[in-house]
Amino acid sequence: LYFDVKKLVQQGSDWYFGEKKLKLFAAADLAFTEGTALAAVRRDYTAIAVIGIDVDGYIYILGLDRFQTGKMDIYYEKIMDLHRYWGFREITVETNNGGKLVKGYLEDQVRREGGHLVVNGVAHVSHSGKKSERIEQILLPRYQNKTIYHSKSGITAMLEEELVLARPPHDDLKDVLAICIAESKPPMKSGFTSKVINSAKKVTNRFGSNRRGR
């Protein structure tokens, strides 16, 4: 299912789809590669997702990014680029392996620059189930219930390839989408009533990129 990007607007610090206010969530699946093995760097991707949820529980995939890097500052720049545009207040990062180091770096940089982004960590342990099973448990029922909406811009086609192929070359985007949804909560209706938008900023083409990091 696809949503009409023209209905996505910003008023003040809030985003709306039509007249419905969205609650935003973000997540990053960090591909932290120890060492300098060129093959490993080429293989691993970091993925970031930003979603919005309305009062009826519909999920809109607002932003996606996927890139390769071994540098801490690139993780920070990519995340902050999306943060500055969409204005989400928190981001969840996967802290398995070297992810703890990246999380610490992100927190340090936000503090040094006087930012307001909160960096939360989540680690998937053995009882969380296999990665593929965990992703399916989170995404499949929502797609079957027609809860998730895509845009037709950016790297959405890459996400859709990962979703439909039995064994896709990469699963970074659907993995980060699952993390993002798992850590999100539907908004309370009392604080997210419908509203007529009189003066709003229309969304620009911010639905992800496929630029390779340094």
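Each position in the sequence shown, counted from 1, maps to that position plus 6 in this note's numbering.
Ideal placement from N, C-alpha and C gives every residue a C-beta, glycine not left out.
Pairwise C-alpha distance: residue j and residue i
| i | j | result |
| --- | --- | --- |
| GLY18 | ALA172 | 42 Å |
| LYS27 | GLN115 | 30 Å |
| GLU166 | ILE67 | 12 Å |
| GLY93 | GLN143 | 29 Å |
| ARG90 | LYS195 | 26 Å |
| GLU119 | ILE54 | 21 Å |
| ARG217 | PRO193 | Its pLDDT being 47, under 50, ARG217 is placed unreliably in this model, and the value from its coordinates should be taken loosely. Distance between the alpha carbons of ARG217 and PRO193: 33 Å. |
| HIS122 | ASP87 | 14 Å |
| GLU25 | LYS137 | 37 Å |
| GLY127 | LYS13 | 32 Å |
| GLY69 | GLY58 | 9 Å |
| ARG117 | LYS109 | 12 Å |
| LEU107 | VAL99 | 11 Å |
| ALA37 | GLY104 | 8 Å |
Extent of the continuous beta strand (DSSP E) to which residue i belongs
| i | result |
| --- | --- |
| LEU70 | 65–73 |
| ALA33 | 29–35 |
| ALA5 | The displayed coordinates of the chain run from 7 to 220. Any statement about residue 5 would go beyond what the structure contains. |
| GLY160 | GLY160 -> no beta strand (DSSP E), and no H or E assigned at all. |
| LEU14 | 14–17 |
| LEU99 | With the sequence shown as reference, residue 99 is identified as Val, and Leu is not the correct amino acid for it. Note, VAL99: beta strand (DSSP E), 96–100. |
| ASP20 | 20–23 |
Extent of the continuous alpha helix (DSSP H) to which residue i belongs
| i | result |
| --- | --- |
| TYR81 | 78–92 |
Neighbourhood of residue i by C-beta distance below 6 Å, restricted to the same chain and skipping five residues each side
| i | result |
| --- | --- |
| ASP177 | GLU168 |
| GLY63 | PRO192 |
CB contact below 8 Å: residue i versus chain C
| i | result |
| --- | --- |
| ALA163 | Here there is only one protein chain, and chain C is not present. |
Sequence-distant residues of its chain with Cβ nearer than 7 Å to residue i (five each side left out)
| i | result |
| --- | --- |
| ALA45 | Bear in mind that the predicted position of ALA45 carries a pLDDT of just 49, short of 50, making it unreliable; the figure below should be weighed with that in mind. Nothing listed; no residue qualifies. |
| ASP20 | LYS27 |
Residues of its chain near residue i, where Cβ-Cβ distance is below 8 Å and the 5 sequence neighbours each way are ignored
| i | result |
| --- | --- |
| PHE9 | PHE23, TYR66, TYR155, HIS156, SER157 |
| TYR111 | MET78, TYR81, TYR82 |
| GLU113 | VAL125 |
| ASP181 | ASP35, ALA53, LYS137, ILE141 |
**OP:** Please go through the segment 103–181 and give each complete alpha helix (DSSP H) segment of 4 or more residues, from N-terminal end onward.
**Re:** 105–118, 137–150, 162–170
Original post:
Does the segment 149–164 come close enough to the segment 29–38 to have 3 or more Cβ pairs within less than 8 Å?
Top reply: no
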